[in-house]
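4 protein chains.
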Amino acid sequence: MGSRVPRGRILRSRTVPTNSELPRDHACLIVNGPDQPGVVAEVSALITRHGGNIVTLDQYSSNPQGGAFFQRVTFHRPDLAVALPDIEADVAATLGPLQMQWRLTDQSIPKRMAILASTSDHCLLELLWRHRRGELPVTIPMVISNHANLASDARSFGIPFFHVPSQGPDKSEAEAKILELVQGNVDFIVLARYMQIISQGFLDDVAVPVINIHHSFLPAFIGAAPYRNAHERGVKLIGATSHYVTKDLDEGPIIEQDVARVNHAMTAADLQARGAFVEREVLGRAVKWHAEDRVIRHGNHTVVFTDRP
Amino acid sequence: MGSRVPRGRILRSRTVPTNSELPRDHACLIVNGPDQPGVVAEVSALITRHGGNIVTLDQYSSNPQGGAFFQRVTFHRPDLAVALPDIEADVAATLGPLQMQWRLTDQSIPKRMAILASTSDHCLLELLWRHRRGELPVTIPMVISNHANLASDARSFGIPFFHVPSQGPDKSEAEAKILELVQGNVDFIVLARYMQIISQGFLDDVAVPVINIHHSFLPAFIGAAPYRNAHERGVKLIGATSHYVTKDLDEGPIIEQDVARVNHAMTAADLQARGAFVEREVLGRAVKWHAEDRVIRHGNHTVVFTDRP
Amino acid sequence: MGSRVPRGRILRSRTVPTNSELPRDHACLIVNGPDQPGVVAEVSALITRHGGNIVTLDQYSSNPQGGAFFQRVTFHRPDLAVALPDIEADVAATLGPLQMQWRLTDQSIPKRMAILASTSDHCLLELLWRHRRGELPVTIPMVISNHANLASDARSFGIPFFHVPSQGPDKSEAEAKILELVQGNVDFIVLARYMQIISQGFLDDVAVPVINIHHSFLPAFIGAAPYRNAHERGVKLIGATSHYVTKDLDEGPIIEQDVARVNHAMTAADLQARGAFVEREVLGRAVKWHAEDRVIRHGNHTVVFTDRP
Amino acid sequence: MGSRVPRGRILRSRTVPTNSELPRDHACLIVNGPDQPGVVAEVSALITRHGGNIVTLDQYSSNPQGGAFFQRVTFHRPDLAVALPDIEADVAATLGPLQMQWRLTDQSIPKRMAILASTSDHCLLELLWRHRRGELPVTIPMVISNHANLASDARSFGIPFFHVPSQGPDKSEAEAKILELVQGNVDFIVLARYMQIISQGFLDDVAVPVINIHHSFLPAFIGAAPYRNAHERGVKLIGATSHYVTKDLDEGPIIEQDVARVNHAMTAADLQARGAFVEREVLGRAVKWHAEDRVIRHGNHTVVFTDRP
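Chains as they are written, first to last, in this note's numbering: chain S, 1 to 309; chain B, 1 to 309; chain P, 1 to 309; chain D, 1 to 309.
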C-alpha cells in the first residue's frame, strides 16, 4: 500500500462517466499489517453484522508466525452508500487496535486514471479501447503527452488531451505543468510508454501511485534499448513488465510480466514490433488489477490477488 | 462432492508413507450448500474459537441471491489431532441447521490413490515421478493394469503392481477383481490411460471418485481415436481433458484441460506423441487438486480452487 | 488454394496506400501439386537463373511417395517489376509439364481486403489498428456492415464505410449489394464477427477467399451461442478459430486457433468478454498469414507456413 | 557451428541401440558461410543429381547483402549408405570454392550423448524417459555424476552409471576422469543440473559441444541461487535457459528458453519446485534440436531451425 497511501479512506468522487457497468452496492476492503490469529474472523463478523454478504475473499500471510498479513474482501450490502460511513467507523474501531492498515472502497465508484504517453500509440490505444469496452473500471480525465501526434487519437475516444512538451535535460517545468493538471483530479497515473524519467520530487508531490510499462522481462535488460540488448544477447523470449515507479529506475515493485517467443531471424525492430503486443497486454492487466484494488504494495514486492482463472 | 460422499467425515487412515512433506497441524474444511449471508463469518468464527488461524480461504457463489455456495478454508491449529473431534462436532452443530454439506480433513493425512493403466506409460510414470518428488500429497497403495508391461516400472518406484487381464466384451470378472483390490484401500482411483470402459455398476460399488484423462479438448473428439479425428479435421491445437468418470462416457465433470499447438506437417502419430506431454501435465494437475480437496463437484460442473499462480 | 483460384496469376493492382513498408523487389512463389523428386531443385534453379536470391523457403509433402507437395519460396531480385513477366513465363513453362499449380506475387503489392462486420467492434478495430501499425500487408478499400454503429470508428482510420442492412430471412438483396461493392475491388474478404450466414451463391459469385472468425475452438461448439454452450459444459478453456468460409457452416478449412483459460466463477458473459481477446488475436494472425500467401488450401485442410518464431 | 567442429565430417559410429525409430535413408546437410546468390539452388541441384528428394529445407541469411548464410536441408535417398561417400565428395567440391562450412549426416545414425548430473533427478529422468519413448534420436552410453544417489535410476533405464566424486576447489582430477570416460565415446555432453563449474581446459580437451540448463531466464539472475534471487526481486515469471557452455559462465549461446508464472505466495522453494518442470521441458527441447542438427552456433548466438509447430 506504500507510505503515501493514507490509512483508511473512502474514495467518493465521481466526475467522469465510465463505460464499465460497475457493480452496485459492492464494497472492497483491503487490510494489511502484522499477522495474528482471528483477523479473518473479525473482518467476516464485521461485514456480517452490517448486513453484508461476502462475495470474494483473498488473503495471504508471508508467515503465519509473525509475518505480514494481507486481505482483500469484497461484499454485497444493499443500500451500501447509506451504510458505508457506519461500516467505516466500525472497521477503524476494530482494526485500529490490531495495528492494521485498511482501505474501504465503494466498487461502484471508478478510480480516476491519467495516462502519460509519448509518441508510441499501442499502449495508449489499448487502454482507451479496453476502457470503451467496459474492461477497465476507471474514468480517464486526461491524456498527457510530451508530443502532439496522439492528440486526435485520444480525443476520438472523447478523452481530453494535453500537450506538455519536455525538452532539454531540465524536466522541472514540464513536471510542474503535469502536476498542475493531475493534482486532485486523478487517483493514479499510468505511463503508457512515456519516455521521460520521472523525478523523485514529482513522485513525492503527486502522491498517487504511478504505474509504468517496461519493455523487457525485468530484471533483464534494465535501462534504455532493451529490445536491442535482447537482440544482441540472442534470447529466445522477449517480455514486458509493469511496475510501480519508484526513485530507482526499473527497480520498482513488479505488478505483472509476460513474454513472447522470438527467434534468430528476427531483427531488433521485429522484437520491438512483437513486443508491442506483450506490452499492451501486460499493461492492460496491471491497470485493471490496480483499479480493482487487487494489488497491495509490500516493500519492493506486490501482493496481487488476480482475477486470472 | 457428489451424492456418494457421506456428509461430514474425517479421513484418518494412513497406511503407506508418502514422499510429500505434508503440512503438520493444518486442516481443510470444505463447505457447500445453498448460499446465505453470514456463512463465511460463521465458519471463520468457528475456526477462531477453536484456536485455528486461517491460512487460505476460497469461496464461490453461483449467485448471491439463492445460488449455490462453495467454500474451501485451510487453517493452522497447534496439536490439531487432539482438537479435530471437537472441531468436527462444532462444524456439524453449526452447519447442519444451514443445510450445508461439509468435509473436514487433516492435511497431514494423504489420500490413498490407486492407478489403473493399460500399455501406455507416460501418464503412469508422470504420476509416480511427481509422487516421488513430493509433488502429490497422496500414497499409492497399488497400480493395476490389464497388461503386464508396466510391472517393473511401477515396482521400481516401490509401488505394488497387480495384473488384472480384461479380455472379451464381458468386463465383469475383471471389474470384480479390481473392486476386491481397491475396496477399503483407496480414497480415489485414477485412470492413467486405462483403455477399458468402466461400468456404472463398478462406479456404484467402488463408491470413490474416479478420475480419467481423455486425449482431446472435450467436448471435441468424444470417443475413440481423438488424435486421428483431430488430424482429419485439420485442427491447429490438440488437447487433453481430465474429468470425473460418470456413466456417460467422456461427459463427466471437467477438472482441467490444456492444449498444445500442432500443424499441417504432423501425422496422427505425431499428434499422439505431442499429446502425451499435454496428457501427463493435465492429469498431474487434476490429481494434485483432487488430492488437496480443491475440486468440488456440482452437478456436471466442477468448482476448482486451483493453486495456479 | 481451392478450386476458385486461377492457376498462375500475378496480383498487380494497387489502389489504396498501405501503412506497411512492404519489401521492395521481393517476390513470393507458391507451388503445389503431386510430389515428385526434383521440384525444389527446379524451382531453385529457375529463381537463380533469373538473378533471384532465395530469402525463405518452406515446403511440405504429405507423403514423399505419391503425396501432395506444397512449396512457398520468397526471393529477392533487383528490378523485380521488369523481370516478373519473364519469370512468370519460365515458371509456366517449367511447372506446367509437372502438373503443378502455382502463383507468383510481387510482395510490394498489398492484397486488397474488405472487412464485413456487424455490431461488435473488437475484431474490426484490431484489424484496423494492426493495419495502421504496419502489421498487415494489405490495403482496406472498405468496411461493410449490416449495422451503422461502427461507421465513425472505421472512418476515423480513413477507411470508407458502407452500410448494407440485412433484415429478414431473405439475404439475397443484401448479398447483391455487397457483391456490387467488392467485385473487382478486393482480393479477399474478412468476416470480423459478421453475424449473417453467407450463401453458397455469394461465395460462387464473389470468387475470392472469405475468412471467418468463429468464437470457439472448433469443432467444439459448432453453431450459435458457443460461449453459452461452453459455459454449460463447464470447460476450462475457451477458444477461437479462424477458417475459410465454405458452404458448410463452421466446417471450412481451419487457418488458426487459440485458447484462453476460464474457470467456474465466470459467467457466459465473462467468457464472451475474455473470448474477445482471443478472437482478435487469432483473426489478426490468420489475416496476416493469408495476406502474405502463407496459407495454402488443400481439400478441407490448410498448409500454413507461419512466421511464428 | 563453433571452431571445434571439423569442416565436413560424416558421423558413422553406432555403438548403443537407440529407442527412437530413426528415419532410414534420410540425410541432413548443414551449410553455413558468407551469403551469396545461388547457394540454395546449388545445394538443391546437387541433391537432385544424386537421386535425393528434399524433405525439409530451412535457411536463414542474417543479411542478403554480405551477411552470414545458414541452411539445413534433409533429403530422402534410397540406399543412402551406398551413396553417401559420393554425395560427400560432391558437397566438398561444390561448397569448398564458395567458402562454405558444411556437415553431412546420416539421420539413421543417432548421436551419442553423455549426461552429467549431480543430486537433482528431474532433468536426468526427463531425458532418460524421453529417450525410452523414442523422443530423442540419441544413444546414451553413460551417465556420470559426482554423487551416487542417481545410480539406480540411471541403471533402471539400462544406462551405465559412473560415479566421479568432485570435492574441494581443485576439479582437475575429476575432470580428467570424466575426460577419460567420454573421449571418443560421445558426440556431445549434457549437463543435467550438474553443479560443478566446467574449466576451459576441459572444454578444449573434450572437443564436443556441451549443453547446460540454467535455472533462470538468462540474462536475468546469472550465477548461483537464481530462484532465491528471483524471489527477492518479486518477479511474476520464472524461467529456464538451455545454452552451450563456454568459458564465460552463463554467457554461452542460448538454444532455448521458457517461463512459468509464479506469484507472491510462493516461497523460493516453491519457485524451485515449479521451475523443475520448466527446466526439464527446456532441456528436453534443446537436446532434441541439437541431436537433430537443428542448432547452428554463430558467434554467441544460435540459429535454431526448430520443429515447433
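Glycine included, C-beta positions come from ideal geometry on N, C-alpha and C.
What you are looking at is a predicted structure, and each value in this text was computed from that prediction instead of being measured.
| query | result |
| --- | --- |
| Short CB-CB distance (under 7 Å) between Val73 of chain B and chain D | no |
| Any C-beta of chain B under 7 Å from that of Ile238 of chain P | no |
| Which residues DSSP lists as bridging Leu237 of chain S, in chain order | S:Arg261 |
| Identified DSSP bridge partners for Asp58 of chain P | P:Arg72 |
| Residues of the segment 208 to 228 of chain S whose Cβ lies closer than 7 Å to any Cβ of chain D, in chain order | Phe217, Pro219 and Ala220 |
| Three-way DSSP call (helix, strand, coil) for Thr302 of chain B in this model | strand |
| Cβ of Val55 of chain S within 7 Å of any chain P Cβ | no |
| Cβ of Val82 of chain B within 7 Å of any chain P Cβ | no |
| Bridge partner(s) assigned by DSSP for Asp170 of chain P | In DSSP, Asp170 of chain P forms no bridge with anything. |
| Test item: CB-CB of His301 of chain D and Gly275 of chain S under 7 Å | no |
| Contacts of Pro37 of chain P in chain D (Cβ-Cβ under 7 Å) | Thr48 and Asn53 |
| Local conformation of Val16 of chain B per DSSP, three classes | With a pLDDT of 43 at Val16 of chain B, under the threshold of 50, the modelled position of that residue is not reliable, and the figure given next carries that caveat. Coil at Val16 of chain B, not helix or strand. |
| Rounded separation between Val164 of chain S and Ile144 of chain S - CA only | 7 Å |
| Minimum Cβ-Cβ distance from Val186 of chain P to chain S less than 7 Å | no |
| For Ala286 of chain D and Arg149 of chain B, the rounded distance between their alpha carbons | Correcting the residue identity first, residue 149 of chain B is Asn in this sequence and not Arg. Each residue's alpha carbon lies about 30 Å from the other. |
| CB of Gln196 of chain S within 7 Å of CB of Ser166 of chain S, strictly | yes |
| Distance, Leu124 of chain P Cα to Val208 of chain P Cα | 20 Å |
| Nearest residue (CA-CA) to Gln71 of chain P, options P:Asp58, P:Glu88, P:Ala83 and P:Ala265 | P:Asp58 |
| Positions along the segment 153 to 166 of chain D whose CB lies within less than 7 Å of some CB in chain B | Ser156 |
| Supposed close pair Ala240 of chain S, Val190 of chain S - CB separation, criterion 8 Å | Actually they are not in contact, since the Cβ atoms of Ala240 of chain S and Val190 of chain S sit about 14 Å apart, beyond 8 Å. |
| First and last residue of the uninterrupted alpha helix (DSSP H) at Leu128 of chain S | His122 to Arg132 |
| Inter-residue Cα distance where the pair is Leu179 of chain S and Ala151 of chain P | 37 Å |
| Where the alpha helix (DSSP H) through Leu22 of chain B begins and ends | Leu22 of chain B -> no alpha helix (DSSP H), and no H or E assigned at all. |
| Any C-beta of chain S under 7 Å from that of Arg261 of chain P | yes |
| Glu256 of chain P at chain B interface by Cβ criterion, 7 Å | yes |
| Span separating the alpha-carbon of Arg103 of chain D from that of Val304 of chain D | 16 Å |
| Cβ of Ser44 of chain B within 7 Å of any chain S Cβ | yes |
| Sub-7 Å separation of Val138 of chain B and Lys111 of chain B beta-carbons | yes |
| Proximal residues, the segment 293 to 306 of chain D versus chain S, C-beta separation under 7 Å | Asn300, His301, Thr302, Val303 and Val304 |
| 7 Å Cβ cutoff met for Asn146 of chain S and Ser118 of chain S | yes |
| Nonlocal neighbours in the same chain, by C-beta distance under 8 Å from Leu46 of chain D, ignoring five residues either side | Ile87, Asp90, Val91 and Thr94 |
| Contacting residues, own chain, Cβ-Cβ under 8 Å from Asp293 of chain B (five flanking each side not counted) | Cys28, Ile30, Arg72, Arg103 and Thr105 |
| Three-state secondary structure (DSSP) of Ala273 of chain D | helix |
| Contact list for Arg133 of chain B against chain D, beta-carbon separation under 9 Å | Asp121, His122, Ala273 and Ala276 |
| Distance between Ile115 of chain P and Pro6 of chain P (C-alpha atoms, nearest Å) | Low local confidence applies: a pLDDT of 37 at Pro6 of chain P is under 50, so the model's placement there is unreliable, with the coordinate-based value given in what follows. Computed Cα separation, rounded: 23 Å. |
| Straight-line Cα distance separating Val245 of chain D from Asn212 of chain D | 6 Å |
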